[in-house]
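J.: The structure follows.
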DNA sequence: TATGAATGAGCCTTCATTCAT
DNA sequence: GATGAATGAAGGCTCATTCAT
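Residue numbers (the working numbering), protein chains in the order written: chain A, 66 to 271; chain B, 66 to 271; chain C, 66 to 271; chain D, 66 to 271.
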């Protein structure tokens, strides 16, 4: 029940999705604070009063954008089953697949990453909390993979799966930032996909 | 020469530092956009006109806050010499020292981390660039440590030092975020200090 | 296209005209610098935010006020045809008509003159330039009358029409200032209308 | 007694004059409202607090500047004696002398004219009144010349000396404005000095 | 006497939000 | 449902003026 007065039909839902999409693009482009409701409406060629028929206010839309982004990321890794890997090689293959997919989604929809990593943090306190909560969710997913490996014995028994999961997510974040900054994202992708799995699995020592 | 018309004496410099400190606190607390110049002035019990004797405008102060934060972090790791480690154990000890120091600085001045990781990204485009540039500097430092290890043979010869350096910084970032969110930062500290060095050096595989 | 985002309809144009009228009154009353946007809005019983829907900023409105004033003055003398007079008497009659009209317009709309002669010069450099350009236009009109008389032989052949035109406009200015300052503008009007034509014509006639 | 606390000595008076001079220059240059007290002080290399030891406030200085300008103009025409001319030719010569002197003073001190005609009107209501009063004084002087001529019979008996005096001053004003706007003030001067006396005398002579 | 650091009234401008049409 | 005109809270910034040193 998004907004008391909002339309409930399928067309209305489509309109809502359009607004979320446009808002994501433009928030990612200019940042939350530099973006006006009128800017979002202008992109969609709708009156900016119309916006308020679908979302309560500016704070409301950015929440919905975050949900949208988190869902897109979730979709990306949903297919993988944390318990599917039984050996280190299968685990490595799984890592590679997830990494590929993440790179793909961030490459295809750059706004996703830019919003998530760059523009979303300045919204406000509550939003930062929500964002962190979303990150923790992904931390939980990663943790499940690790726990599976430890249980099946192909990962170190003494592994702190919580800390390790967060570390891996920090690496993903670093990779994403690297890709955003780079003029040649493809090259960045190749380097990370080549180096990261070994780094995680084997560490850096000789 | 920070502000053309600002006083240049030692007292003036102290006042400037006070303003930077207060701004850091309050930016970290409420975020850049939610903070007014009047808020900063109120904390210091000065008229808000006084602020403008020391900084050109709101954008100016946040730049100075960033510089301050980066300098604080630099101070933290300055003492270590990237080329000092000759063995894996020395390297591990070096890692531990730096990690301790970073945890200490973020624990003693929580605003530092909150500003750096949470509120600083929403300022504007140029600021994000400056922030990223600052992060890259730290990436370069980390990379120097890794290159030393590779050269001396106690780190993998096939290590991609660039990607690895960024990864490690991503882990530091994850640790910092974890600490901010936690109600028991001490516990977080203990866990990370116990787990991270092994994670980096050995990886996760059994 | 006065303001990109402003409404373009007839009602909007009326609103724009109302604002220009109110601004003229109040600029003439208090002067440009002593007038706030809020003052203009208050006169019209509109929110001061509304002002910005119709004019870009304070500088914008004063430019429009100037254009309005110049147009009003132009309207006043438009009906006369500089080439219509063929004799000195016709010329004298023409002078008298224009003088009557000018007195009428300044008497009916005192703000017009007060803005034009008293408050408009302190706006800024560019505005003064625009104002002077407007004055020069009127100088050109006056000059056309004189040139007509010289060509037809009822004005002195050796007349410097440029200087004379400016002189006459200076006299008009003096008359207007005299009228503003006087407590009895009607008396001023009578005196000037009686004395000025003779003064001019004896000076310029062949 | 300019300012209660101001110094009364000769050095103090010199300082006061310096400030008036600097203020005249900079008011003429940028206009009253665009000029800050600090700007005036900066020109003189004095602290801007010092300004307030000599003048009550910003409004005070501009009044003194006006007095200074009016005195300068008065000095220019003081030497002439309105009653000295006994014939039309002597009157013409007198006019020419005064016109020369006025052109000279405005050419030598352009700030004088620019302040008087261009920047002084936007100050505020009271100031405009004072300025008009000053103009009226000059109107009185001009009127004395005319009355002398009428009394001695070389100017028209039916001359409205009041209106005519103001007209002449209006012409002077027009000439001054012309000179300010021109890139070649010397040429302007030559044209006006050639044309104006004839224009006036033919209009006013018996 | 000179200074300039401190102050805050005041003003312009933006933009999220409302609501009559 | 859609629109966009109207609104005013909010905040950045300037600068005349004061006063302690």
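Glycine residues also receive a C-beta, built at the ideal position from the N, C-alpha and C atoms.
Could you tell me the alpha carbon to alpha carbon distance between residue 83 of chain A and residue 234 of chain A, rounded to whole angstroms?
T.: In a straight line, the C-alpha of residue 83 of chain A is about 30 Å away from that of residue 234 of chain A.
J.: Is the beta carbon of residue 214 of chain C less than 9 Å from the beta carbon of residue 258 of chain C?
T.: Not closer than 9 Å, so no.
J.: Does residue 186 of chain D come out as helix, strand or coil in the three-state DSSP assignment?
T.: Helix at residue 186 of chain D.
J.: Determine the burial state of residue 73 of chain C: buried for a count of at least 16 other Cβ atoms within 10 Å of its Cβ, exposed for fewer.
T.: When all chains shown are included, residue 73 of chain C counts as exposed.
J.: Within the 9 Å Cβ cut-off, does residue 67 of chain D reach chain C?
T.: Legend: pLDDT at residue 67 of chain D = 47, less than 50; position of this residue unreliable, value from coordinates given subsequently. Chain C, which has no Cβ nearer than 9 Å to the Cβ of residue 67 of chain D, makes this no.
J.: Going by the DSSP bridge assignment, what does residue 270 of chain B pair with across the sheet?
T.: Answer is A/220, bridged to residue 270 of chain B.
J.: Please confirm if the region 223-240 of chain B is in contact with the region 246-262 of chain A, defined as three or more CB-CB distances below 8 Å between the two stretches.
T.: Counting Cβ pairs under 8 Å, three or more are found: they touch.
J.: Taking 9 Å as the CB-CB limit, is residue 201 of chain A close to chain B?
T.: With 9 Å as the cut-off, residue 201 of chain A counts as an interface residue toward chain B.
J.: With a Cβ-Cβ cutoff of 9 Å, do residue 131 of chain A and residue 195 of chain A count as a contact?
T.: Yes, the Cβ-Cβ distance between residue 131 of chain A and residue 195 of chain A is below 9 Å.
J.: Is it buried or exposed, residue 232 of chain A, if we count other Cβ atoms within 10 angstroms and call 16 or more buried?
T.: Buried, because 16 or more other Cβ atoms sit within 10 Å of the Cβ of residue 232 of chain A.
J.: Report yes or no: is there a C-beta of chain C within less than 9 Å of the C-beta of residue 85 of chain D?
T.: With 9 Å as the cut-off, residue 85 of chain D does not count as an interface residue toward chain C.
J.: Grab me the residues of residue 211 of chain A's own chain with a C-beta within less than 7 Å of its C-beta, minus the 5 sequence neighbours each way, in chain order.
T.: Same-chain partners within the cutoff: 220, 224, 226, 229, 230.
J.: Taking 9 Å as the threshold (C-beta atoms), are residue 168 of chain A and residue 244 of chain A in contact?
T.: For residue 244 of chain A and residue 168 of chain A, yes; Cβs fall inside 9 Å.
J.: If contact means a Cβ-Cβ distance below 9 Å, which residues of the region 84-103 of chain A contact chain B?
T.: Result list: 95, 96, 97, 98, 99.
J.: Spatial neighbours of residue 161 of chain C within its chain, please: C-beta separation below 8 Å, excluding the five flanking residues on both sides.
T.: Excluding sequence neighbours, residue 161 of chain C sits near 258, 262.
J.: Going by other Cβ atoms of all chains shown within 10 Å of its Cβ, with 16 needed for buried, is residue 253 of chain D buried or exposed?
T.: Counting Cβ neighbours within 10 Å, residue 253 of chain D comes out buried, since at least 16 surround it.
J.: Nearest-angstrom Cα distance between residue 186 of chain C and residue 175 of chain A?
T.: Approximately 54 Å, taken between the alpha carbons.
J.: Express the C-alpha separation of residue 123 of chain A and residue 236 of chain A in angstroms, rounding to a whole number.
T.: Computed Cα separation, rounded: 32 Å.
J.: Once the 5 residues before and after residue 81 of chain D are set aside, which same chain residues still bring their CB inside 6 Å of it?
T.: For residue 81 of chain D, where only same-chain residues beyond five positions count, the Cβ hits under 6 Å are 119.
J.: Spell out whether any CB of chain B is found under 9 Å from the CB atom of residue 216 of chain A.
T.: No, no contact with chain B.
J.: How would you label residue 251 of chain C, buried or exposed, when you count the other beta carbons within 10 angstroms and need 16 or more for buried?
T.: It counts as exposed.
J.: Could you spell out the range, first to last residue, of the alpha helix (DSSP H) harbouring residue 157 of chain B?
T.: Per DSSP, residue 157 of chain B belongs to the alpha helix (DSSP H) from 153-173.
J.: Compare the C-beta of residue 77 of chain D with all C-beta atoms of chain C and state if any pair is closer than 9 Å.
T.: Output row for residue 77 of chain D: interface = no.
J.: What number of angstroms, rounded off, separates the C-alpha of residue 68 of chain D from the C-alpha of residue 137 of chain B?
T.: Only weak support exists for where residue 68 of chain D lies, its pLDDT of 48 falling under 50; the value from the coordinates is given anyway. Residue 68 of chain D and residue 137 of chain B: Cα-Cα distance of roughly 53 Å.
J.: Are residue 177 of chain A and residue 264 of chain A closer than 9 Å when you measure CB to CB?
T.: No; because the gap between Cβ atoms is not below 9 Å, this pair is not in contact.
J.: Closer than 9 Å, CB to CB, is residue 184 of chain C near chain D or not?
T.: Yes, its Cβ sits closer than 9 Å to a Cβ of chain D.
J.: Using a Cβ-Cβ cutoff of less than 6 Å, which residues in the same chain neighbour residue 199 of chain A once the five nearest sequence positions on both sides are dropped?
T.: So the qualifying residues of the chain are 135.
J.: Do the CB positions of residue 96 of chain C and residue 190 of chain D come within less than 9 Å of each other?
T.: Yes, they are a contact pair.
J.: Name the chain B residues whose beta carbon is nearer than 9 Å to that of residue 256 of chain A?
T.: The answer, in chain order, is 225, 227, 228.
J.: Pop quiz: residue 113 of chain D and residue 85 of chain D are said to be a contact at Cβ under 8 Å. What is the actual Cβ separation, rounded to whole angstroms?
T.: So it is not a contact: roughly 16 Å between Cβ atoms.
J.: Going by alpha carbons, who is nearest to residue 238 of chain D out of D/209, D/266, D/204?
T.: Comparing Cα positions, the closest option is D/204.
J.: Would you say residue 142 of chain D reaches chain C, if we count a Cβ-Cβ gap shorter than 9 Å as a contact?
T.: No, its Cβ sits nowhere closer than 9 Å to a Cβ of chain C.
J.: Is there a C-beta anywhere in chain A that falls below 9 Å from the one on residue 234 of chain B?
T.: Residue 234 of chain B counts as touching chain A.
J.: For a cutoff of 9 Å on Cβ pairs, would you count residue 239 of chain D as touching chain C?
T.: Taking Cβ atoms only, chain C reaches closer than 9 Å to residue 239 of chain D, which makes this a yes.
J.: Give the C-beta separation of residue 218 of chain A and residue 271 of chain B to the nearest angstrom, bearing in mind that I take them to be a contact with Cβ-Cβ under 8 Å.
T.: Yes, they are in contact, since the Cβ atoms of residue 218 of chain A and residue 271 of chain B sit about 6 Å apart, within 8 Å.
J.: Is the CB of residue 114 of chain D under 9 Å away from at least one CB in chain C?
T.: For residue 114 of chain D, the answer is no, since every Cβ of chain C falls outside 9 Å of its Cβ.
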